[in-house]
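Report on one structure; see the data block that follows.
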Amino acid sequence: MGKISKKTEMLLWALEKTIDTGIFLYDFTYNTHHYAYGQPNLNRYQLYHIVSRLKDKGWVETIKDEGRVLVKLTGKGKNYLAIEKALKTDKWDGKFRVVIFDIPEKNRKVRDVLRRKLKEWGFKYLQKSLWASKKDIADPMREFIRELGVEKWVNVLVCTDIGSARIFHDR
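Read left to right, the sequence shown gives residues -14 to 156 (our numbering).
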């Protein structure tokens, strides 16, 4: 996850609360307090700029409705928020998420991208191509693997026991 601004994060979480209905931009601009706690100073131009960047990333879509612009989260935006929520949660459900892969050498760049994402999402290195996490991000990881096109070489498991999990004990 790249760093995003507080204002962008606030808009994304406000959209997440609307489920599938979305938010009219005009209403959000002038009634931010209805959607988000701790209203930052946000003018119309900043909001349109944020929405434009989020559209470029594929995280939101806009729909014109009678001269008004409605903003809705896409599946990709929902996936981003699910990952953020899982990474910020300290509560463990007793299950490990394990990623096992054997990506051929000719796909080394993709393998390196996967390893960077595993580190970024808090997975711990257990063996050469075996990583585990206590965070509930199996589904977003599977989606990321599909996007990379390496699902035939990668498995994501949800397990209650991975043997000696010393790596997860607080030191």
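Glycine included, C-beta positions come from ideal geometry on N, C-alpha and C.
Asked, Found
"Please report the distance separating the alpha-carbon of Leu118 from that of Val36.", "Going by the sequence as given, residue 118 is Ser instead of Leu. C-alpha separation (whole angstroms): 32 Å."
"Using a Cβ-Cβ cutoff of less than 6 Å, which residues in the same chain neighbour Ala67 once the five nearest sequence positions on both sides are dropped?", "Pro125"
"Just checking, does the region 131 to 138 make contact with the region 89 to 97 on the three C-beta pairs under 8 Å criterion?", "yes"
"Which residues mark the beginning and the end of the beta strand (DSSP E) in which Lys57 is found?", "53 to 58"
"Please state whether DSSP places Asn28 in a helix, a strand or coil.", "coil"
"Candidates Asp121, Leu10, Gly43: which alpha carbon is nearest Leu27's?", "Leu10"
"Who does Glu69 pair with in a DSSP beta bridge?", "Paired residue(s): none; Glu69 is not in a bridge."
"Between the alpha carbons of Ser(-10) and Leu32, how many angstroms are there, rounded?", "12 Å"
"Grab me the residues of Lys94's own chain with a C-beta within less than 6 Å of its C-beta, minus the 5 sequence neighbours each way, in chain order.", "none"
"Per DSSP, Ile48 forms a beta bridge with which residues?", "Leu55"
"Could you tell me the alpha carbon to alpha carbon distance between Leu55 and Gly7, rounded to whole angstroms?", "6 Å"
"Could you tell me which residues DSSP pairs with Val83 in its beta bridges?", "Ala117, Leu142"
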